[in-house]
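Student: Residue numbers (my numbering), protein chains in the order written: chain W, 14 to 382; chain F, 2 to 78.
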Amino acid sequence: MTSRYNRHIIVSEIGQAGQDKISNAKVLVVGAGGLGCPVLQYLTAAGVGTLGIIDFDVVELSNLQRQVLFGTSSIGQNKAEAAKKRLEDLNDGISIIAYAEKLTHKNAISLFDTYDIIVDGSDNFETRYLVNDACIITNKPLVYGAIYKFEGQVSVFNYENGPSYRCMFPKPPQSGSVPNCSEIGVLGVLPGIIGSMQANEVLKIILKIGTTLSGKLLCYNALTLQNSILKINRNQTIIQSVLKHKADFNTTKTNFNCGTKITSVSIENFLSEKNIQFIDVREHHEQPKVEALPVTHMPLSELKSSLNKIDITKKKAIFCQSGIRSKQAVELLRKLNIQDCFSIAEGASEINNILLSTRPIWSQNAKKL
Amino acid sequence: MLITIKYFGQIAEVTQKDEEQIETSKGSILELLSTLNAKYSDLKHKEFQIAQNQELVGLEAKLTGAEIALLPPFSGG
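Here it is in structure tokens:
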């Protein structure tokens with residue numbers, strides 16, 4: 014019987030020695046979404062010895078158009094766990110670790126420390142800057158990919174003295190100024206292409222063959238098939254300013270330079286409030302719903318046209334999927350002079366977990382409403 | 002001098018084109034940008050970096066290149 018990795022081993026540039034390098038590699042993939050799925054699929058098939066997946070989100074029907082590791086039976090399951098289940102069937106000879114939690118300043122450093130290469134497949138700037146900064150601090154190469162409708166960007170950061178993501182975009186954009194896939198849509202095959210390019214960069218780093226995209230940003234356009242490769246220079250001042258946060262990184266409560274001044278508070282602060290309106294600013298299709306609370310739905314994309322749903326006599330506790338759009342909503346409402354708006358730090362799944370554990374207290378108050 | 006300007010992502014939506022050629026006598030990237038801001042009024046609300054001849058440059062850089070690209074950040078994944 015030929016081995017699972019025979020088609021790698023017979024390539025002279027890889028061979029058994031190369032395959033051993035792949036087996037010894039430890040790669041962490043942040044986000045098991047459109048980009049994370051193809052990255053995970055190819056790295057699992059290639060035999061990357063230890064593969065970590067971190068994602069707090071759950072699979073929903075609208076993900077299946079592009080997140081190819083999942084099927085209808087995965088809907089409602091945590092993405093990291095659902096991906097692990099599928100990947101273990103693809104390759105049972107490697108170790109796959111699912112972290113069904115959110116990447117934060119608190120857990121990023123200790124998590125990154127245990128891996129050799131970090132892959133960014135996240136879908137928001139807050140996580141992207143967190144991943145970048147944690148890679149600088151832990152000195153890990155970062156394989157970056159990002160998409161917008163029909164276009165993608167790929168690069169390798171913090172590798173062999175190369176630039177970081179902040180050397181290209183020093184500060185996150187103003188919150189809300191750049192839409193994401195759930196707001197604007199994306200061609201389903203695009204993350205497949207960009208994620209596969211990321212997997213290719215990971216394998217080149219492991220095998221030390223070819224040239225990586227370190228110091229270069231590849232811009233791909235699926236409509237015109239035009240590729241541009243732009244050179245990025247390392248900015249030592251920016252990298253030093255991130256390194257300055259090395260000691261207090263774990264305790265940073267909000268992202269420094271994060272484009273928004275809105276801070277978030279835990280839902281637990283509001284559960285005993287009587288004069289409160291809970292507002293879900295996610296799009297209508299997003300799961301899981303929060304059913305244990307009286308929730309007003311006002312998707313961020315329709316916020317300005319649905320202001321009549323706001324009860325101005327009550328405090329407004331605003332939540333979304335991960336605590337980013339809720340900040341954008343609060344920022345927008347404050348600009349419109351609507352007072353007493355708070356951004357909830359937890360996303361919908363975490364809120365449901367908290368409600369499950371504190372239900373008796375909450376239902377008591379719910380009766381009083 | 003005649004330069005080619007490439008637009009990516011959300012920037013191409015503002016300009017309604019992927020690329021164009023313009024004749025300019027402007028001396029710096031910043032001056033070129035103010036010309037573009039006047040031409041496309043929504044451009045000033047967008048975030049982007051600028052590449053000259055396939056290399057990212059600062060706004061203060063001298064306009065020397067034949068090709069300029071306006072590159073916005075993408076967050077999607």
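Virtual Cβ for every residue (Gly too), placed ideally from N, Cα, C. The structure displayed is predicted, hence computed values, not measured ones.
#1: Would you list, in chain order, the members of the region 29-59 of chain W that have their beta-carbon closer than 8 Å to a beta-carbon of chain F?
#2: For glycine 228 of chain W, which of helix, strand or coil comes out of DSSP?
#3: Taking Cβ positions only, does serine 76 of chain F come closer than 8 Å to chain W?
#4: Determine which residues share a DSSP beta bridge with histidine 310 of chain W and list them.
#5: Taking Cβ positions, are glycine 77 of chain F and alanine 159 of chain W nearer each other than 8 Å?
#6: Which residues bound the alpha helix (DSSP H) around asparagine 37 of chain W?
#7: Between phenylalanine 262 of chain W and the rest of its own chain, which residues show a CB-CB distance below 8 Å, the 5 nearest in sequence each way excluded?
#8: Establish whether the CB of arginine 79 of chain W and some CB of chain F are separated by less than 8 Å.
#9: Evaluate glycine 89 of chain W with the Cβ neighbour count: other Cβ atoms within 10 Å of its Cβ, from every protein chain shown; 16 or more gives buried, anything less gives exposed.
#10: Taking a cut of 8 Å between CB atoms, which residues from the region 33-63 of chain F lie near chain W?
#11: Mind pulling the chain C residues with CB within less than 8 Å of lysine 7 of chain F?
#12: Have a look at W:Ser135, W:Gly360, W:Val199, W:Ala93 and flag the residue whose alpha-carbon is nearest the alpha-carbon of lysine 302 of chain W.
#13: Quick check on DSSP: helix, strand or coil for aspartate 324 of chain W?
#14: Could you check what DSSP says for lysine 244 of chain W in three-state terms: helix, strand or coil?
#15: Just the chain W side, please: which residues come within less than 9 Å of alanine 70 of chain F by C-beta, in chain order?
#16: Buried or exposed for leucine 226 of chain W, going by 16 or more other Cβ atoms inside 10 Å?
#17: Between glycine 106 of chain W and chain F, is any beta-carbon pair separated by less than 8 Å?
#18: Roughly how many angstroms lie between the CA atoms of serine 339 of chain W and proline 312 of chain W, to the nearest whole one?
#19: Helix or strand or just coil, what does DSSP make of valine 61 of chain W?
#20: Please identify the residue among F:Leu71, F:Val15, F:Lys7, F:Gln55 whose C-alpha is closest to the C-alpha of tyrosine 41 of chain F.
#21: Which same chain residues end up closer than 7 Å to glycine 201 of chain W when comparing Cβ atoms and leaving out the 5 residues on each side of it in sequence?
#22: So, under 8 Å CB-CB, lysine 329 of chain W and glutamate 286 of chain W are touching, yes? Tell me the CB distance rounded to an integer number of Å.
#23: Using the beta-carbon of each residue, which ones in chain F are nearer than 9 Å to alanine 159 of chain W?
#24: Whole angstroms are fine: how far does the CA of glutamate 139 of chain W sit from the CA of threonine 267 of chain W?
#25: For the region 10-29 of chain F, list every residue whose C-beta sits within 8 Å of some C-beta in chain W, in sequence order.
#26: Would the region 215-225 of chain W and the region 21-34 of chain W be scored as touching if the rule is three or more Cβ pairs under 8 Å?
#27: The region 115-146 of chain W: which residues have C-beta closer than 7 Å to a C-beta of chain F, in chain order?
#28: When you compare the CB of glutamate 26 of chain W with every CB in chain F, is at least one pair closer than 8 Å?
#29: Which residues in the same chain have their Cβ closer than 8 Å to the Cβ of leucine 53 of chain W, if we skip the five residues on either side of it in sequence?
#30: Is there a C-beta anywhere in chain F that falls below 8 Å from the one on valine 71 of chain W?
#31: Can you give the beta carbon distance from isoleucine 242 of chain W to serine 177 of chain W, rounded, assuming they're within the 8 Å contact cut?
#32: If isoleucine 131 of chain W and lysine 153 of chain W are in contact, beta carbons under 8 Å, what's the gap, nearest whole angstrom?
#33: Cα separation between glutamate 173 of chain W and glycine 228 of chain W?
#34: Where do the ends of the beta strand (DSSP E) carrying tyrosine 178 of chain W lie?
#35: Between the C-alpha atoms of phenylalanine 269 of chain W and glycine 66 of chain F, what's the straight-line distance to the nearest angstrom?
#36: Please tell me whether lysine 92 of chain W and valine 61 of chain W are closer than 8 Å, where the distance is taken between their beta carbons.
Tutor: For this structure:
#1: Gly44, Gly46, Gly47, Leu48, Gly49
#2: coil
#3: yes
#4: W:Asp293
#5: yes
#6: 28-37
#7: His118, Ala121, Ile122, Asp146, Ala147, Ile150
#8: no
#9: exposed
#10: His46, Lys47, Glu48, Gln50, Ala52, Gln55, Glu56, Leu57
#11: Absent here is chain C; the protein component of the structure consists of chains W and F.
#12: W:Gly360
#13: coil
#14: strand
#15: Cys232, Ser241, Leu243
#16: buried
#17: no
#18: 10 Å
#19: coil
#20: F:Val15
#21: Gln78, Arg79
#22: Between glutamate 286 of chain W and lysine 329 of chain W the Cβ distance is about 11 Å, and since that is not below 8 Å, they are no contact.
#23: Pro74, Phe75, Ser76, Gly77, Gly78
#24: Residue confidence for threonine 267 of chain W is low, a pLDDT of 48 falling below 50, so the modelled location carries little weight; the figure read from the coordinates is stated next. Cα-Cα distance, rounded: 9 Å.
#25: Gly10, Gln11, Asp19
#26: yes
#27: Gly134, Ser135, Asp136, Asn137, Phe138, Arg141
#28: no
#29: Val42, Ala45, Leu64, Ile66, Leu82, Ala96, Leu100
#30: no
#31: So it is not a contact: roughly 18 Å between Cβ atoms.
#32: 5 Å
#33: 10 Å
#34: That residue, tyrosine 178 of chain W, is in no beta strand (DSSP E); its alpha helix (DSSP H) goes 178-181.
#35: Note that phenylalanine 269 of chain W scores 46 on pLDDT, short of 50, meaning its location in the model is unreliable; the coordinates nonetheless yield the value given after this. Roughly 35 Å between the two C-alpha positions.
#36: no
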